[in-house]
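Chemist: Could you have a look at this structure, given as structure tokens, before my questions?
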Amino acid sequence: MRLFDTHCHLNDEAYREDLVEVLSRARTAGVEELLVVGCDLASSEEAIKLAEENHGIYAAVGFHPHEAAMVSADDLSRLEELLIHKKVVALGEIGLDYYYDHSPREIQRKLFAQQLVIAERMNKPVIIHAREAHADILQVLKDAGKNCRGVMHCYSGSAELTREYLNLNMYIAIGGPVTFTNAKKLPEVIKKIPAKRLLIETDSPYLTPHPFRGQRNEPAYLVRTALRISEILGVNPEEIADLTRTNAYACFQIDK
Ligand code: NI
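Under our numbering, the letters of the sequence shown match residues 857 to 1112, in that order.
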């Protein structure tokens, strides 16, 4: 199986001690490509550094909604500069998080809209983090991101929401939670995602799949998510691996 992990945070301090081993286990597991995602300027620059140093690693740069209150106009200019780098394939992760509310909601919405505008201007897909905020995510996308395309990261929404996101040019990325024994709704949603819009991801170091829950997540565990989706859809795991990998190339405009 050859896989593309479309969302991981190998730039996180969780990997400071053993990144080489983590990458080697990913390769052994068949994870050929990884998209390392930024949350602020420092982690975005670190993602680019990893992409420069490693074959098969790509970078996404952006400001997470948690950081919204800290982001200045200069920071947004710097973000635009980073987006020019040839291994930066997306703007993310961006969005709204009304669960933690680390930044005021109005400021989150403003920053989300500003980054959508930049993504459109720079012709990059966006990676969207949506937590307890789907109604406003959809509203801001319709107002400021009508011409944007991208990915709903670690998706867990309803079938109805899925249709709305598909209509707004979004891919749907499924993560470790699909393997949880209490994931009841998600399998039905996955069956309704058009094959061409399905992606998989780990969100390492978070959202560790079953049976490794409780441990730090890492890209090698992406296999678990691929296997679970192949069970749900009743197809060969190889097929899910190839499909989601091909979709990732298309989504992030990577030439193979
Ligand atoms: Ni993430």
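Idealized CB from N, CA, C, for every residue including glycine.
Mind checking who Glu-873 pairs with in its DSSP beta bridge?
Modeler: As a working note, residue 873 is residue 17 in the sequence shown. For Glu-873, which the question treats as bridged, DSSP gives no partner whatsoever.
Chemist: Which one or two residues does DSSP pair with Arg-987 in a beta bridge?
Modeler: The residue labelled residue 987 in the question sits at position 131 within the sequence shown. Beta-bridge pairing links Arg-987 to Asp-953.
Chemist: When the distance is taken between beta carbons, is Arg-934 closer than 8 angstroms to Leu-972?
Modeler: Along the sequence shown, one-based indexing puts residue 972 at 116. Along the sequence shown, one-based indexing puts residue 934 at 78. Cβ distance not < 8 angstroms, so Leu-972 and Arg-934 don't count as in contact.
Chemist: With distances taken from CA atoms, which of Arg-977, Leu-952, Pro-981 is nearest Leu-967?
Modeler: As a working note, residue 967 is residue 111 in the sequence shown. Measuring from the Cα of Leu-967, the nearest candidate turns out to be Leu-952.
Chemist: Keeping to the same chain, check which residues put their C-beta closer than 8 angstroms to that of Leu-1022; ignore five residues upstream and five downstream.
Modeler: As a working note, residue 1022 is residue 166 in the sequence shown. Excluding sequence neighbours, Leu-1022 sits near Ile-1028, Ile-1049, Pro-1050, Arg-1053.
Chemist: Is any heavy atom in ligand 1 found nearer than 7 angstroms to the beta carbon of Glu-901?
Modeler: Mapped onto the sequence shown, residue 901 falls at position 45. Between ligand 1 and Glu-901, a heavy atom-to-CB distance of less than 7 angstroms is absent.
Chemist: Starting from Leu-1063, trace the alpha helix (DSSP H) both ways and give me its first and last residue.
Modeler: As a working note, residue 1063 is residue 207 in the sequence shown. No alpha helix (DSSP H) contains Leu-1063, which DSSP labels as neither H nor E.
Chemist: For the stretch 859 to 914, list the alpha helix (DSSP H) runs that are entirely contained and at least 4 residues long, ordered along the chain.
Modeler: For secondary structure counted as the alpha helix (DSSP H) over 4 or more consecutive residues, the stretch 859 to 914 holds these complete runs in sequence order: 875 to 884, 897 to 909.
Chemist: Would you call the CB atoms of Ile-963 and Phe-919 closer than 8 angstroms?
Modeler: Translated into positions along the sequence shown, residue 963 becomes position 107. Translated into positions along the sequence shown, residue 919 becomes position 63. For Ile-963 and Phe-919, no; Cβs fall outside 8 angstroms.
Chemist: Any heavy atom of ligand 1 closer than 7 angstroms to the Cβ of Glu-949?
Modeler: On the sequence shown, position 93 is the one that residue 949 refers to. Distances taken from the Cβ of Glu-949 to the heavy atoms of ligand 1 include one shorter than 7 angstroms.
Chemist: Nearest CA to the CA of His-911: which residue from Ala-924, Ser-900, Gly-894, Arg-883?
Modeler: Reading the sequence shown from its first residue, position 55 is the one you call residue 911. Here the closest residue by C-alpha is Arg-883.
Chemist: At which residues does the beta strand (DSSP E) containing Leu-1054 begin and terminate?
Modeler: The count along the sequence shown starts at 1 and reaches residue 1054 at position 198. 1054 to 1056 is the extent of the beta strand (DSSP E) around Leu-1054.
Chemist: Roughly how many angstroms separate the alpha carbons of Thr-1035 and Glu-1087, rounded to a whole number?
Modeler: Taking the sequence shown and counting its residues from 1, one reaches residue 1035 at position 179. Taking the sequence shown and counting its residues from 1, one reaches residue 1087 at position 231. The alpha-carbon of Thr-1035 is positioned some 10 angstroms away from that of Glu-1087.
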